[in-house]
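Peer 1: Let me give you the structure first, and then I'll get to my questions.
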Amino acid sequence: MVLVEVFGTGCAKCGRMIKNVEIAVRELKIDAEIRKIESLDAMIERGVMLTPALYVDGEAKVVGHVPCVEDIKQILLGEK
Amino acid sequence: MTEQNIPRCACESGIEPAGGTKRIIFACAGASKAGQLSNEAAVQLTKEGYGNIACTASLAVSTPSITKKVETADEVVVIDGCPVGCARQIAERAGVTPDQEIVVTDLGIEKGGGLDLSEEDVETVVSAAWEGKGRSKTENERRPSGGCGCGGGCC
Chain A
1 MVLVEVFGTG CAKCGRMIKN VEIAVRELKI DAEIRKIESL DAMIERGVML TPALYVDGEA
61 KVVGHVPCVE DIKQILLGEK
Chain B
81 MTEQNIPRCA CESGIEPAGG TKRIIFACAG ASKAGQLSNE AAVQLTKEGY GNIACTASLA
141 VSTPSITKKV ETADEVVVID GCPVGCARQI AERAGVTPDQ EIVVTDLGIE KGGGLDLSEE
201 DVETVVSAAW EGKGRSKTEN ERRPSGGCGC GGGCC
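Line by line, the protein sequences give chains A and B. Reading the first sequence from the start, the letters are residues 1 to 80 in the working numbering. Reading the second sequence from the start, the letters are residues 81 to 235 in the working numbering.
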């Protein structure tokens with residue numbers, strides 16, 4: 001199972017990141033757990049200083065902007 | 081926790097993180113529900129960081145500022161309300177082939193039916209852009225202004 005973590009404080013960009021991740025996971029039909037993390041303490045603990053941020057299996061993949069659905073698919077497939 | 085080590089949101093002004101695609105969005109903003117949806121979706125996409133809404137009327141008269149914006153954009157996205165494609169036609173007359181054209185009525189939304197917009201319809205159009213549903217099959221066609229047919233080579 002792939003662990004997908006989205007760090008965000010609840011703004012429009014963070015909300016869109018979650019939606020795009022959900023679409024990408026659904027279309028790829030992969031087994032993934034999507035976690036939405038809004039706690040500042042959790043972000044600091046993980047070293048996230050700019051949101052929205054996307055982590056896959058604990059690795060930072062995108063920080064500070066929202067990737068489109070196609071980009072997220074490539075990230076989840078390990079192509080990016 | 082000091083202010084310096086608090087995570088910041090990219091929505092805050094002045095933060096321009098690298099890595100994002102610089103998109104410019106032209107909506108037809110036509111006088112129908114679908115046309116107004118195109119504009120509302122462009123506004124929402126701008127708030128979400130997908131790209132920046134730009135003035136389609138300015139593109140029609142090729143103002144210097146809009147020409148510069150198009151030239152510096154990575155992608156041009158057009159949102160039209162209906163298949164007439166007014167925004168696309170304006171772009172093409174300005175020498176710009178959009179990388180993506182979303183047509184609201186192609187998404188199962190009726191053109192008419194009043195000017196009240198539903199959040200669900202806006203979300204449908206916004207999601208379509210994020211999913212790249214309007215992406216051209218020949219993605220390398222777009223070339224910036226001039227309209228001379230050189231493909232940008234003379235600029």
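Glycine included, C-beta positions come from ideal geometry on N, C-alpha and C.
Ignore the nearest five residues each way along the sequence and tell me which others in Val202 (chain B)'s own chain have a CB closer than 7 angstroms to its CB.
Peer 2: Here the set comprises Leu117, Glu120, Ala121 and Gln124.
Peer 1: So the alpha helix (DSSP H) Val21 (chain A) belongs to, where does it begin and stop?
Peer 2: Element bounds for Val21 (chain A): Ala12 to Leu28.
Peer 1: Helix, strand or coil: which one does DSSP assign to Thr143 (chain B)?
Peer 2: Thr143 (chain B): coil per DSSP, three-state reduction.
Peer 1: With a Cβ-Cβ cutoff of 8 angstroms, do Glu128 (chain B) and Arg16 (chain A) count as a contact?
Peer 2: Going by C-beta atoms, Glu128 (chain B) is nearer than 8 angstroms to Arg16 (chain A).
Peer 1: Report the residue from B:Asn85, B:Cys166, B:Ala137 and B:Asp154 whose alpha carbon sits nearest the alpha carbon of Asp41 (chain A).
Peer 2: Measuring from the Cα of Asp41 (chain A), the nearest candidate turns out to be B:Asn85.
Peer 1: By Cβ distance, which residues of its chain are closer than 7 angstroms to Val66 (chain A), with the 5 residues on each side in sequence left out?
Peer 2: Here the set comprises Lys13, Arg16, Met17, Asn20 and Pro52.
Peer 1: Can you check DSSP and say which residues form a bridge with Cys89 (chain B)?
Peer 2: In the DSSP output, where bridge partners are listed per residue, Cys89 (chain B) has A:Thr51.
Peer 1: In or out: Ala114 (chain B) buried (at least 16 other Cβ within 10 Å) or exposed?
Peer 2: It counts as buried.
Peer 1: Excluding sequence positions up to five away, which residues of its chain have a Cβ less than 7 angstroms from the Cβ of Ile146 (chain B)?
Peer 2: Here the set comprises Ala134, Cys135, Ser138 and Leu139.
Peer 1: Look at Gln180 (chain B) and Gly214 (chain B) and say whether their C-beta atoms are less than 8 angstroms apart.
Peer 2: Yes, the Cβ-Cβ distance between Gln180 (chain B) and Gly214 (chain B) is below 8 angstroms.
Peer 1: Entirely within the segment 147-210 of chain B and at least 4 residues each: give me those alpha helix (DSSP H) ranges in chain order.
Peer 2: Correct list: 166-173 and 199-210.
Peer 1: Please list, in chain order, the residues of the segment 36-48 of chain A that have any C-beta partner in chain B closer than 9 angstroms.
Peer 2: The segment 36-48 of chain A vs chain B, Cβ under 9 angstroms: Leu40, Asp41, Met43, Ile44 and Val48.
Peer 1: Which value, in whole angstroms, describes the spacing of the CA atoms of Tyr82 (chain A) and Asp71 (chain A)?
Peer 2: Lying before the first or after the last residue shown, residue 82 (chain A) is absent from chain A, which here runs from 1 to 80.
Peer 1: Name the residue from B:Thr143, B:Val205 and B:Leu195 whose alpha carbon lies nearest to the alpha carbon of Ala111 (chain B).
Peer 2: Out of B:Thr143, B:Val205 and B:Leu195, B:Leu195 has the C-alpha closest to the C-alpha of Ala111 (chain B).
Peer 1: For Glu221 (chain B) and Thr152 (chain B), I'd like the C-alpha separation in whole angstroms.
Peer 2: Summary for Glu221 (chain B): the model assigns pLDDT 47, below 50, so the residue's position carries little reliability; its value from the coordinates is reported in the next sentence. Cα to Cα, Glu221 (chain B) sits roughly 16 angstroms from Thr152 (chain B).
Peer 1: Arg104 (chain A) to Val63 (chain A), Cα distance in whole Å?
Peer 2: Residue coverage of chain A in this structure runs from 1 to 80, which leaves residue 104 (chain A) outside it and unanswerable.
Peer 1: Taking only three categories from DSSP, how would you classify Leu77 (chain A)?
Peer 2: Coil.
Peer 1: Along the segment 1-21 of chain A, what residues have a CB closer than 8 angstroms to any CB found in chain B?
Peer 2: Listed by position, the residues of the segment 1-21 of chain A near chain B (Cβ gap below 8 angstroms) are Phe7, Gly8, Thr9, Cys11, Ala12, Lys13, Cys14, Gly15, Arg16, Lys19 and Asn20.
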